[in-house]
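Participant: Residue numbers (the working numbering): 675 to 975.
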Amino acid sequence: MILKNRSELNRLKILRSLNVRMNLTEEEKQYYLNQEKGYVGEKRFDELTKNLGNDLYILNDLMLKTNNTHFQIDTLIISQSSILPIEIKYFNGDHYYQSESFFKIPKKEIQNPLQQLRRSESLLRQFLRNLGYHGHIEPYLVFNNPEFTLYQAPLNEPIIYPTQVNRFIGNLENTPSKLNSWHMKLAEQIISKHITESPYTLLPSYDYDQQKKGITCASCHSFNVTANAKKLVCDKCGNQEEIDSAILRSAEELKLLFPNRKITTRTIQEWCVVISSKKIIRRVLLENYKGIGFGKGFYFE
Ligand SMILES: [Zn+2]
675 MILKNRSELN RLKILRSLNV RMNLTEEEKQ YYLNQEKGYV GEKRFDELTK
725 NLGNDLYILN DLMLKTNNTH FQIDTLIISQ SSILPIEIKY FNGDHYYQSE
775 SFFKIPKKEI QNPLQQLRRS ESLLRQFLRN LGYHGHIEPY LVFNNPEFTL
825 YQAPLNEPII YPTQVNRFIG NLENTPSKLN SWHMKLAEQI ISKHITESPY
875 TLLPSYDYDQ QKKGITCASC HSFNVTANAK KLVCDKCGNQ EEIDSAILRS
925 AEELKLLFPN RKITTRTIQE WCVVISSKKI IRRVLLENYK GIGFGKGFYF
975 E
């Protein structure tokens with residue numbers, strides 16, 4: 675039973691927009707692609723855990739704090755007799771393990787995910803102790819990209835490799851577990867301590883003028899689109915979208931990128947570029963937002 679879903683993807687959504695609307699540096703682009711990849715891995719893992727039919731509580735994507743130190747857990751599973759913090763890595767390609775370090779072949783050292791796992795395990799232990807939990811904690815590092823290989827893999831570490839993920843889920847499914855109100859209370863306490871991060875931290879700096887304006891295709895993100903009174907048609911991939919949905923999607927994108935910018939018919943027209951009819955934009959905004967103020971000061975929220 676999933677008690678906490680993976681949180682909003684706002685940071686990833688902003689990065690997606692910036693990636694098509696401005697020139698990111700190589701480093702920023704890499705950061706964006708890593709976020710995108712991490713998200714794919716987490717979603718793939720969620721697809722498996724959501725079907726677990728036995729008595730387990732699943733808490734996805736937690737940001738917690740103990741002794742003023744933040745730590746993050748991709749998936750936390752509460753069973754009758756233990757708590758499983760799971761770190762999910764969607765690395766692809768060939769890697770090797772040497773002297774407690776991880777390398778991507780040929781020779782690029784990457785942050786050791788086992789160390790990351792141990793760190794969050796230790797912080798979680800303290801965190802749970804403060805909630806009165808002194809039971810078993812069973813951490814796992816899951817590599818779930820089928821294109822991942824680790825040479826010289828350590829034998830005695832709690833790692834689940836791509837070829838073991840299904841068996842890992844099978845074992846969870848077959849774990850006898852009977853949860854009671856005490857477990858539920860523990861889960862609720864953990865969720866109540868979850869810290870919602872601002873999506874605006876850890877982003878490249880950007881401003882409005884830098885952004886390429888225009889509606890992008892919902893499917894392939896191309897700016898190469900044509901609008902008529904009913905539809906937005908992509909000239910690149912052929913995708914069609916109702917014009918209302920396209921305008922609303924763009925307005926939401928503008929709001930997310932620039933939360934302090936007032937939404938008006940004019941700002942949305944400037945942002946969308948291809949929609950020449952003010953009337954359509956105004957109608958869509960009126961139907962979906964609340965109008966505030968009068969005359970020249972009128973805007974939507
Ligand atoms: Zn397209």
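Yeah, the Cβ is synthetic: ideal placement off N, Cα and C, and Gly gets one too.
Predicted, not measured: the structure shown is a model, and the values here were computed from it.
Can we say the segment 745 to 759 touches the segment 688 to 705, given the rule of at least three CB pairs closer than 8 Å?
Facilitator: No, the segment 745 to 759 does not touch the segment 688 to 705.
Participant: Rounded to the nearest angstrom, what separates residue 815 and residue 794 at their Cα positions?
Facilitator: Residue 815 and residue 794: Cα-Cα distance of roughly 11 Å.
Participant: Quick one: give me the first and last residue of the beta strand (DSSP E) that residue 827 is part of.
Facilitator: Unbroken run through residue 827: none, as it is neither H nor E.
Participant: Do residue 912 and ligand 1 come close, with the Cβ less than 8 Å from some heavy atom?
Facilitator: For ligand 1, at least one heavy atom lies less than 8 Å from the Cβ of residue 912.
Participant: Tell me, please, whether the CB atom of residue 772 is closer than 9 Å to any CB atom in chain C?
Facilitator: Chain labels in this structure do not include chain C; a single protein chain is all it has.
Participant: Do the CB positions of residue 709 and residue 736 come within less than 9 Å of each other?
Facilitator: Taking 9 Å as the Cβ cut-off, residue 709 and residue 736 do not qualify as a contacting pair.
Participant: Can you give me the start and stop residues for the beta strand (DSSP E) that residue 783 sits inside?
Facilitator: Counting along the chain, the beta strand (DSSP E) containing residue 783 begins and ends at 782 to 784.
Participant: Please classify residue 916: does DSSP put it in a helix, a strand, or coil?
Facilitator: DSSP places residue 916 in strand when its eight states are reduced to three.
Participant: Going along the chain, which residues of its own chain have a beta-carbon closer than 7 Å to the beta-carbon of residue 716, five neighbours each way excluded?
Facilitator: 680, 748, 762, listed in sequence order.
Participant: Should residue 731 go down as buried or exposed, given a rule of 16 or more other Cβ atoms within 10 Å for buried?
Facilitator: With 16 or more Cβ atoms within 10 Å of its Cβ, residue 731 is classed as buried.
Participant: Anyone know if the C-beta pair for residue 706 and residue 718 falls short of 9 Å?
Facilitator: For residue 706 and residue 718, no; Cβs fall outside 9 Å.
Participant: Which residue comes first and which comes last in the alpha helix (DSSP H) that contains residue 712?
Facilitator: Run containing residue 712: 700 to 723, per the alpha helix (DSSP H) assignment.
Participant: Which one of 712, 726, 958, 760 has the shortest CA to CA distance from residue 734?
Facilitator: Looking at the Cα atoms, 760 is the closest of the given residues.
Participant: What ranges does the alpha helix (DSSP H) occupy inside the segment 925 to 949, keeping only unbroken runs of at least 4 residues that lie completely in it?
Facilitator: As far as the segment 925 to 949 is concerned, its whole alpha helix (DSSP H) runs of at least 4 residues are 939 to 946.
Participant: State buried or exposed for residue 818, treating a residue as buried only when at least 16 other CB atoms are found within 10 Å of its CB.
Facilitator: That one is buried.
Participant: When you measure from the CB of residue 896 to every non-hydrogen atom of ligand 1, does any distance come out below 8 Å?
Facilitator: At least one heavy atom of ligand 1 is nearer than 8 Å to the Cβ of residue 896, so yes.
Participant: Excluding the five sequence neighbours on either side, which residues of its own chain have a C-beta within less than 7 Å of the C-beta of residue 711, listed in chain order?
Facilitator: These residues qualify, in order along the chain: 764.
Participant: Taking the straight line between their C-alpha atoms, what separation do you get for residue 800 and residue 952?
Facilitator: One C-alpha to the other measures close to 57 Å.
Participant: Kindly indicate which residue of 739, 824, 741 has the alpha-carbon position closest to the one of residue 780.
Facilitator: Closest option to residue 780, Cα to Cα, is 824.
Participant: Buried or exposed for residue 856, please, with buried defined as at least 16 other CB atoms from any protein chain shown within 10 angstroms of its CB.
Facilitator: With fewer than 16 Cβ atoms within 10 Å of its Cβ, residue 856 is classed as exposed.
Participant: Hey, how far is the Cα of residue 880 from the Cα of residue 858?
Facilitator: Their Cα atoms are separated by approximately 43 Å.
Participant: Assign residue 869 to one of three DSSP states: helix, strand, or coil.
Facilitator: Looking at residue 869 - three-state DSSP - the assignment turns out to be coil, as it is neither helix nor strand.
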